[in-house]
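Heads up: the sequence shown begins at -9 in this note's numbering, then just goes up one per residue.
One structure is given here, and the rest of the page talks about it.
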Amino acid sequence: MTQTTAADIAALAERGVTILGCGKMGGAMLRGWLAAGLPPEAATVLDPAPADWLRELAARGLRLNPERVEDAAVCVLAVKPQVMAEAAPQVAHLAGRGALFMSIAAGTPISFFESLFGADAPIVRAMPNTPAAVGRGVTALIGNAAATEAHMRLAEALAGAVGAVVRLEAESQMDAVTAISGSGPAYVFHMIEAMAAAGRALDLPDELAMTLARQTVIGAAELARRSDASAEQLRRDVTSPGGTTAAALEVLMAPDGLTALMTRAAAAAARRSRELAG
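Structure (structure tokens):
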């Protein structure tokens, strides 16, 4: 995992970082950078409806909705894909000042940003996920031809403030990344819902069923994080032959079970990602 260092933060603070759109994901990244030592006065946020916490930060030096952003080391493009074409021209002039553009907009290809900022502008397309809000995200990165190794290391360091970072070999992989890690937290949350519903069907009270489901997923995820064993091995370790877990896994691992269902779900998400790009 790439870690954000004090040197990274110092370099970022010198010219500043601009965030276009500071909702859940943009906000999670900004919180991560601030926690890593970025001073509020080094951050500029452009958002038509800023949250209260951003207004509070503005009182401590954060630049909120200035008339013009004069310079930035990095410009994070975090508005929704549907309004990107309308919002992005606000920061297009930063291309002439050597800023790195880092997009976290799902389904928006690098070619779109090159049409706005020019092919000579360094552009990194990133796909983080919502656990970034608690420093447990994972971000996949791919850069355009103008993005140098230094640009990629900077993007990795910035994304590393909110979790793990991986580089992709080709932008075409981004639809699959979106389907697995980008949308994946929602699958896990729904699994918690489904486990709790199963508990209620077995006559557990609602609150107890939800507590058991939530804590089981949290504990299993932490065990997987700390263990060097594969997910397959961890599953085998908890499954006694002929036991209760084995009985449940006969259902979940049937040909039409969880793997088949997850494959169809991820395919639908990847298809939608391609549609958004198209």
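Using N, Cα and C, we set each Cβ at its ideal position, and we do this for glycine too.
Between Gly11 and Ile(-1), the alpha-carbon positions lie close to 21 Å from each other.
The closest CA to that of Ala122, considering only Ala244, Leu248, Pro245, Gly22, is found on Gly22.
Glu4 counts as exposed, since fewer than 16 other C-beta atoms from the protein chains shown sit within 10 angstroms of its C-beta.
Membership of Leu198 in the alpha helix (DSSP H) is indicated by the continuous run 196 to 216. Scanning the stretch 95 to 122 for uninterrupted beta strand (DSSP E) segments of 3 residues or longer gives 113 to 117, listed from N- to C-terminal end.
Comparing C-alpha distances from Val124 to each of Glu139, Pro175, Gly51, Ser93 shows the shortest one belongs to Pro175. It is roughly 36 Å from the alpha-carbon of Ala149 to the alpha-carbon of Glu197. Cβ neighbours of Arg50 within its own chain (closer than 7 Å, five residues either side excluded): Pro30. Contact check for Leu44 against Ala78 fails: the beta carbons are separated by 8 Å or more. Pairing Thr253 with Ala48, the inter-Cα distance amounts to about 45 Å. Taking every protein chain shown into account, the CB of Ser220 has fewer than 16 other CB atoms within 10 angstroms, so this residue is exposed.
The DSSP-derived three-state label of Thr168 is helix. Inter-residue distance for Thr138 and Ile132 is about 11 Å (C-alpha atoms, whole angstroms). A contact between stretches requires three or more CB pairs, one per stretch, nearer than 8 Å, and the stretch 156 to 173 meets this requirement with the stretch 110 to 118. DSSP places Arg50 in the coil class of the three-state scheme, outside both helix and strand. A straight-line Cα-Cα distance of about 19 Å links Glu46 and Glu57. Secondary structure in the stretch 25 to 78: the alpha helix (DSSP H) runs of 4 residues or longer, each lying completely within the stretch, are 42 to 48, 74 to 77 in chain order.
Where Met185 is concerned, the enclosing alpha helix (DSSP H) starts and stops at 174 to 191. Counting along the chain, the unbroken beta strand (DSSP E) around Val156 starts and ends at 153 to 157. Asp61 and Val73 have their C-alpha atoms some 23 Å from each other. Less than 8 Å divides the Cβ of Ala68 from the Cβ of Gly16. Separation of the CB atoms of Gly97 and Ser263 is rounded to 5 Å, and the pair is thereby assigned contact status at 8 Å. With fewer than 16 other CB atoms across the displayed protein chains lying within 10 angstroms of its CB, Ile208 is exposed. In the DSSP assignment, Leu131 forms a beta bridge with Ala116, Arg157. A residue is called buried when at least 16 other Cβ atoms come within 10 angstroms of its Cβ; Met19 meets this threshold and is buried.
Counting along the chain, Thr138 sits inside no alpha helix (DSSP H), nor does DSSP assign it H or E at all. Looking at the DSSP output, Ser93 shares a beta bridge with Leu67, Arg115. The Cβ atoms of Ala111 and Ala85 lie closer than 8 Å to each other.
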